[in-house]
Structure formats: C-alpha cells, structure tokens
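First residue of the sequence shown? That's 6 in our numbering, and the numbers climb one at a time after it.
These notes are about the structure you will find just below.
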Amino acid sequence: MEVFQAIDSRKSIRGFKSTPVPTSLINQVFTAANRTPSYANSQPWEVAVVMGSKRDELSEKIYGLASSNAPINPDFEIPKNWPPAIEQRTKDHGARRFKALNIERDDAESRNALRLMNFKFFDAPCAVFFFMDGALNSWSSTDVGMYIHSVSLCAHALGLGTCLQASLAYYPEAVRQVLGISSTKKLLLGLSLGYPDWEVPLNSYTSTRMNLDEYLRIYN
Ligand SMILES: Cc1cc2nc3c(=O)[nH]c(=O)nc-3n(C[C@H](O)[C@H](O)[C@H](O)COP(=O)(O)O)c2cc1C
C-alpha cells in the first residue's frame, strides 16, 4: 500500500475477529517498523507482543483492576489542564463517538462498558505493549511514538487493524508483573492488533481532523 493511502485510510479499530494473527505477519510488521528513525539512532523502544494464554491472563488482570475502578497509576502522567482549544477537540471527539453509537450523555452504563472494552483489547487476539527505559526522557518517548505509528501503518498495510490505547498503560505494574518485565522499564502505550471486524458498530466511526490553516504556518 502506498504511504499516502496508508496514512489516509488507517483508523482506530475497536472490534476484532478472533482469527489469530500469523507470526509471519507479526514479523513482517515489526521488521518494517524496525527502520523507524530515532534521536541519534538510539532506538529506545522495547516491545512485548502478547497472544494466546498470556494475552488472556493479562486481559483478565487489567480488566479486573479497571472494572473494580482500581486507581490508575500510569508511568507517565496523564495530561491535565489542556489548553482550551485542545480540550475542546477531545470533548468533540468523545461526543461524536458516543453520538455515532447512539449512547446518550447520561448513559453511564454504556459509557463504562465502552471504557472496559479497552481492557479486553476490543477482542483482538493480540496486544502489543511499548516500553522504554525509565532513565530516558521525552526525546525518547517521541521516538517510541514514531515507532508505534510505524507499527500501526505497517499493520494496516497488511490488512490488520490497530487501536493505540493509553488505557493499556494505566496499570503498568500489573502488565510488568504478568510479562515478567523489570520495573526500570516504563510503559508508554499499548495497542490491540488483529483482523478488523467490520460488523462491529464502533468500527464505522471515523474521526475528524483540523483544517491545515488552523495550525500550519508556511514561511518563505
Ligand atoms: C497516545 C494515544 C492514546 C490513545 N488511547 C486510546 C484509548 O485508551 N482507547 C481508545 O479507544 N482509543 C485511544 N486512542 C485512539 C484515539 O482516540 C484515536 O487515534 C483518535 O481519536 C483519532 O482517530 P483514528 O485513530 O481513528 O484516526 C489513543 C490514541 C493515541 C495516539
């Protein structure tokens, strides 16, 4: 798939078929993403691909925490006090998504069910967790962010779907414990990976974007 088309047609997938993802395809995705650029070629990403019984064990653990409303404790602080224009975009996104799903503003039960689907990886057979060493700073998280985008684009180009999920980083201790990862490794983000199920209503939602003239300045 051509790069312009891949960027334009990728979207978050929030409903997957149970069909397993062949290891050969996983290798293809990560072999391609391996060429992602990074500061001084530092390549700070550390990645866990979780399938099978480990996937189920991990989902059960974090779903249990999320459904009992255990306090979240992400390694990287969740943004607070957004600048107003940015906060408005996040609100518009939430409102559009709920509207597309016919979920009313005061329907706390449906909203909570939607939140909890994150911790079941939206039924994807595969979850991916991105870590970096705790000694690193935001320069490296920029690199890992670019790496994650490479993964989601390459997966998409191969007919797979992804949903990048901050929520999968809400309980990092539990993730490290299940995967046997050192506490010196900080969890940045998780994603669900699998074949999109286009019958799932959530997948019919398409997000909007700003117009270029809202943020782009060209000087010449
Ligand atoms: C850093 C990051 C964290 C995200 N966390 C979540 C999440 O926890 N749950 C979720 O359903 N979507 C999550 N998303 C997906 C965004 O909502 C989505 O990318 C955005 O609305 C644009 O929609 P699109 O991906 O369909 O183009 C996250 C995306 C990013 C980049």
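For each residue, glycine too, the CB sits at the ideal point set by N, CA and C.
Could you name the residues of the same chain whose beta carbon sits closer than 8 Å to that of residue i, not counting the 5 residues immediately before and after it, in chain order?
i	result
tyrosine 200	Phe21, Lys22, Thr24, Val26, Gly164, Leu165, Gly166
lysine 59	Val183, Leu184
Residue range of the beta strand (DSSP E) that residue i falls in?
i	result
lysine 191	190–199
glutamine 170	166–170
Given a threshold of 16 other Cβ atoms within 10 Å of its Cβ, counted over all protein chains shown, does residue i qualify as buried or as exposed?
i	result
asparagine 208	buried
proline 89	exposed
isoleucine 67	buried
methionine 137	buried
proline 177	buried
alanine 71	buried
leucine 196	buried
leucine 192	buried
leucine 217	exposed
For a test of the three-state rule: what should DSSP assign to residue i, helix, strand or coil?
i	result
alanine 132	strand
valine 149	helix
alanine 162	helix
valine 54	strand
aspartate 138	strand
tryptophan 144	helix
valine 34	helix
asparagine 86	coil
proline 206	helix
phenylalanine 126	helix
serine 157	helix
Round the Cβ separation of residue i and residue j to the nearest angstrom and send it over; I've been treating them as touching at under 8 Å.
i	j	result
alanine 174	proline 49	Contact flag wrong, Cβ pair sits at about 16 Å.
valine 180	phenylalanine 124	Rounded, the Cβ-Cβ distance is 11 Å, inconsistent with contact.
valine 34	alanine 160	5 Å
cysteine 131	isoleucine 18	Rounded, the Cβ-Cβ distance is 12 Å, inconsistent with contact.
alanine 38	tyrosine 152	6 Å
glycine 139	threonine 95	Contact doesn't hold; Cβ gap of about 28 Å is too wide.
serine 64	phenylalanine 9	At roughly 35 Å, the Cβ-Cβ gap does not stay under 8 Å, so serine 64 and phenylalanine 9 are not in contact.
histidine 98	serine 212	6 Å
alanine 100	tyrosine 210	So it is not a contact: roughly 12 Å between Cβ atoms.
serine 157	threonine 41	That belief does not hold up - the Cβ atoms of serine 157 and threonine 41 are roughly 12 Å apart, past 8 Å.
Over the uninterrupted alpha helix (DSSP H) stretch that includes residue i, give me the two end residues.
i	result
glutamate 65	57–72
lysine 22	No alpha helix (DSSP H) contains lysine 22, which DSSP labels as neither H nor E.
phenylalanine 9	8–14
glutamine 182	177–184
aspartate 97	89–105
alanine 118	113–122
What does a CB cutoff of less than 6 Å around residue i pick up in its chain, not counting 5 residues either side in sequence?
i	result
serine 115	Ile108
Note down, in chain order, each residue of its chain lying with its Cβ closer than 7 Å to the Cβ of residue i, except the 5 sequence neighbours on either side.
i	result
leucine 121	Tyr68, Ala71, Ser72
Counting only beta-carbon atoms, is residue i nearer than 7 Å to chain C?
i	result
valine 180	Among the chains of the structure shown, chain C does not appear; only one protein chain is present.
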